[in-house]
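For what it's worth, this note's numbering labels the leading residue of the sequence shown as 1, then goes sequentially.
Note that CB positions come from ideal geometry on N, CA and C, so glycine has one too.
Have a look at the structure below, then the notes.
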Amino acid sequence: MQAITYYIPMLSDNQVSSLKWILRKPHVNSTCIGCSACTAISGDVFVFDDDGLSCVQSLTNYENRDVDDSIAACPVNAISWQETNSDGSYKDGIVEHIDV
Ligand code: SF4
């Protein structure tokens with residue numbers, strides 16, 4: 001029987017972070033009530049738009065822990081991770097403030 005050898009690439013932290021950004025980023029749906037919990041926890045990621053709703057900044061990297069803390073703190077479960085295309089847009093035509 002012939003042994004099968006697998007190659008497992010070693011990635012740096014920056015490479016892993018980049019891949020995570022390509023694969024997913026936070027999303028805010030229409031249930032946002034503008035309570036500011038997410039902007040207080042992660043002001044680099046979440047900002048308010050003119051309507052007082054939280055929006056996700058376009059970043060090359062999202063701090064997973066800060067986003068996870070914002071997800072946990074959101075009183076209406078408006079924040080989630082969503083898969084993205086390679087250009088950073090959400091997959092399947094999803095846009096901000098649309099329920100998914
Ligand atoms: S924590 Fe939730 S409800 Fe509050 S501003 Fe952020 S997304 Fe909106």
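Closer than 7 Å: is that where the CB of residue i sits relative to any heavy atom of the ligand SF4?
i: V45; result: no
i: P75; result: yes
i: A72; result: no
i: V100; result: no
Could you tell me the distance, in whole angstroms, from the CA atom of residue i to the CA atom of residue j?
i: T39; j: D87; result: 24 Å
i: V47; j: T31; result: 16 Å
i: T60; j: D66; result: 15 Å
i: T84; j: S58; result: 12 Å
i: M10; j: I33; result: 42 Å
i: S12; j: N64; result: 16 Å
Among the residues of its own chain, which have a CB less than 8 Å from the CB of residue i, if the five just before and after it don't count?
i: Q82; result: R24, K25, P26, H27, Y90, K91, I94 and V100
i: S80; result: P26, H27, N29, I71 and V100
i: A37; result: S70, A73, C74 and P75
Report the option in the options whose CA atom is closest to the CA atom of residue i.
i: S42; options: M10, D69, G34 and T60; result: D69
i: G52; options: L59, Y62 and C35; result: C35
i: A78; options: L11, D50, H97 and Q57; result: H97
i: V56; options: A72, N29 and I33; result: N29
Tell me, to the nearest whole angstrom, how far the beta carbon of residue i is from that of residue j; I am working on the premise that it is less than 8 Å.
i: V76; j: Y62; result: Incorrect: roughly 21 Å between the Cβ atoms, too far for contact.
Going along the chain, which residues of its own chain have a beta-carbon closer than 6 Å to the beta-carbon of residue i, five neighbours each way excluded?
i: D49; result: C55
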